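Asker: The sequence shown begins at -8 in this note's numbering and counts up one residue at a time.
Ideal placement from N, C-alpha and C gives every residue a C-beta, glycine not left out.
No experiment lies behind these values; they were computed from the predicted model shown.
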Amino acid sequence: MAEIIDTRTEPDRAIEKACGVLSDGEPVAIPTETVYGLAADATNADAISRIYEMKGRPRFNPLICHVSDMAMAEAHVAFDPISRRLAESFWPGPLTLILPQRPQSSVHALASAGLDTLGIRMPEGFSRRVIARFGRPLAAPSANTSGKISPTSAAHVEADLGPRLKLILDAGPAEIGLESTIIKVEGGKLRLLRPGGLDAAAIEALTGLPVERPETAGATIEAPGMLASHYAPGAAVRLNAEDVRRGEALIRFGGKALPGESEAAIVLDLSPGGDLREAAANLFDYMKRADASGAATIAFGPVPGEGLGEAIIDRLQRAAAPRG
């Protein structure tokens, strides 16, 4: 089983231990403000291969590279003016930019799934300190079996990947609870490849440009989270439920009770007060709790589509999609 180090009580030991494991080409579970990541040296082909193997992740699905500062980012990708403005405004934070990879970049092609672009992000919190000390970008998808519910705590990681990991860094619950928003700038236009922890409206307000939502059906995989079926619990998922069937697990929003919920296996409310930020932070944890109830189906009540609701609904639709 993995060793777990609490970064709040032993930060120096956590950094030293993590850098040692990473230097050996092994993945480490690290906390970020979005979700917990399965991090490995982005310049080491063997280390990246271990990420794919540990997650059971398709190798055509690219990984996000995490950096500690702009200098590290600029060593690996080329910024256009709009992307630079986004990075300077929203980094560190839950924004991933898809940018052309520089020819001299040492990030291995396995991390980009052979594309000529890299997804790159500067995370907030303890993981940034680890990257700075390590001195190289870390490829870090969510620390869970591919396609399953993303982890927002060290306990989630331990329950899923613990037997295969050497080290988990524990910084408590993830603050945001949703993966990063992924943006690609093309021809002066902004494309939203994945909604996430940064509201697209904030990007539009900064740039004065509309954020285009491309059709996802049949879309080329340019970034993580674009697979049709993703973030899936073991149970079936029923969306926009107006009532609850006997034995279902219910996850609702805004304190709105649904008919039949007295017959539910479990009832959870993402945010009784209707706060979408609170709902986002609770989403994956509540999905895991509902799945653990033993219910064959998880029913989700309606969630508003504005703000972070767009990202929440995206995750729910992918969780409910037919599974291969």
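1) Counting only the same chain and skipping the five closest in sequence on each side, list residues whose C-beta sits under 6 Å from that of ALA227.
2) With a threshold of 7 Å (Cβ to nearest heavy atom), would THR288 be considered close to the ligand SAM?
3) Is DSSP giving ARG280 helix, strand or coil here?
4) Can you check whether the CB of ASP234 is closer than 8 Å to the CB of GLY245?
5) Find the nearest neighbour of HIS99 within the set CYS56, GLY28 and ALA310, judged by alpha-carbon distance.
6) Using a 10 Å radius around the Cβ and a threshold of 16 neighbouring Cβ atoms, would you call THR0 buried or exposed?
7) Looking at the structure shown, is GLY28 part of a helix, part of a strand, or coil, going by DSSP?
8) Since ASP37 sits in a beta bridge, which residues does DSSP pair it with?
9) Should ARG309 be labelled buried (16 or more other beta-carbon atoms within 10 Å of its own) or exposed?
10) Run the CB neighbour count on GLY278, radius 10 Å, all protein chains shown included, and call it buried at 16 or more, exposed below.
11) Which residues share a DSSP beta bridge with GLN92?
12) Can you tell me whether ASP3 is helix, strand or coil according to DSSP?
13) On the three-state DSSP scale, how would you describe VAL228?
14) Quick one: is GLN317 buried, meaning 16 or more other Cβ sit within 10 Å of its Cβ, or exposed?
15) For HIS190, which residues of its own chain have a beta-carbon under 7 Å away from its beta-carbon, when the five flanking residues on both sides are left out?
16) DSSP on VAL372, reduced to helix/strand/coil?
17) For ALA(-8), is the classification buried or exposed, using 16 other Cβ atoms within 10 angstroms of its Cβ as the cut-off for buried?
18) In the DSSP assignment, what residue or residues form a beta bridge with THR108?
19) So THR198 is in the alpha helix (DSSP H); what residue range does that whole segment cover?
20) Measuring alpha carbon to alpha carbon, tell me which of ASP3, GLU(-6) and TYR27 ends up nearest ASP276.
21) Helix, strand or coil for LEU86 per DSSP?
22) Could you give the residue range of the beta strand (DSSP E) that holds LEU(-6)?
23) For LEU88, I'd like the list of residues in its chain whose CB is within less than 7 Å of its CB, leaving aside the five on either flank, ordered along the chain.
24) What residue range is occupied by the uninterrupted beta strand (DSSP E) comprising ILE159?
25) Roughly how many angstroms separate the alpha carbons of VAL68 and ALA102, rounded to a whole number?
26) Is the separation between the beta-carbon of ALA271 and that of ILE140 shorter than 8 Å?
27) Please confirm whether SER59 and ALA150 have their CB atoms less than 8 Å apart.
28) Pairs of beta-carbons, one from the stretch 21 to 40 and one from the stretch 113 to 127, closer than 8 Å: are there three or more?
29) Quick one: Cα of ARG127 to Cα of ASP260, how far?
30) Got a sec? Which residues, its chain only, sit under 8 Å from THR198 by beta carbon, not counting five neighbours each side?
31) With a threshold of 16 other CB atoms inside 10 Å of the CB of GLY238, please say whether the residue is buried or exposed.
Answerer: Taking the coordinates as given:
1) Cβ within range, chain order: THR288.
2) This structure simply doesn't include the ligand SAM, nor any ligand for that matter.
3) Shown here, ARG280 sits in a helix according to DSSP, grouped into three states.
4) Against a cut-off of 8 Å, the Cβ pair of ASP234 and GLY245 comes out as no contact.
5) Among CYS56, GLY28 and ALA310, the Cα nearest to that of HIS99 is on CYS56.
6) THR0 counts as exposed, since fewer than 16 other C-beta atoms from the protein chains shown sit within 10 angstroms of its C-beta.
7) Strand, per DSSP.
8) None, per the DSSP bridge assignment.
9) The residue is buried, with at least 16 neighbouring Cβ atoms inside 10 Å.
10) The question names Gly, yet the displayed sequence has Met at residue 278. By the neighbour-count rule (16 or more Cβ atoms within 10 Å), MET278 is buried.
11) Note: GLN92 sits in a beta bridge opposite VAL68.
12) Three-state result, ASP3: helix.
13) Residue state, collapsed to three classes: strand.
14) Any property of residue 317 remains undetermined from this structure, which presents the chain solely from -8 to 315.
15) First, the amino acid is wrong: residue 190 is Asp here, not His. Spatial neighbours of ASP190 in its own chain (CB-CB distance under 7 Å, excluding positions within 5 residues in sequence) are listed in chain order as GLY298 and LEU299.
16) Because the chain is modelled from -8 through 315, residue 372 falls outside the range shown and cannot be assessed.
17) Strictly speaking, residue -8 in this sequence is Met, with Ala absent from that position. Around the beta carbon of MET(-8), a 10 Å sphere encloses fewer than 16 other beta carbons of the protein chains shown; the residue is thus reported as exposed.
18) Answer by DSSP bridge pairing, in chain order: PRO91.
19) First-last of the alpha helix (DSSP H) with THR198: 191 to 198.
20) Measuring from the Cα of ASP276, the nearest candidate turns out to be TYR27.
21) LEU86 falls in the strand class under three-state DSSP.
22) The sequence given here has Glu at residue -6, not Leu. -6 to -3 is the extent of the beta strand (DSSP E) around GLU(-6).
23) Excluding residues within five positions, the ones whose Cβ falls inside 7 Å are SER74, LEU77, ALA78, ILE111 and ILE174.
24) Where ILE159 is concerned, the enclosing beta strand (DSSP E) stretches over 158 to 161.
25) It is roughly 13 Å from the alpha-carbon of VAL68 to the alpha-carbon of ALA102.
26) Against a cut-off of 8 Å, the Cβ pair of ILE140 and ALA271 comes out as no contact.
27) Contact: no.
28) Yes, the stretch 21 to 40 is in contact with the stretch 113 to 127.
29) Taking the straight line from one Cα to the other gives about 40 Å.
30) Taken in chain order, the residues that qualify are ILE73, ARG76, LEU77 and LEU181.
31) Burial call: exposed.
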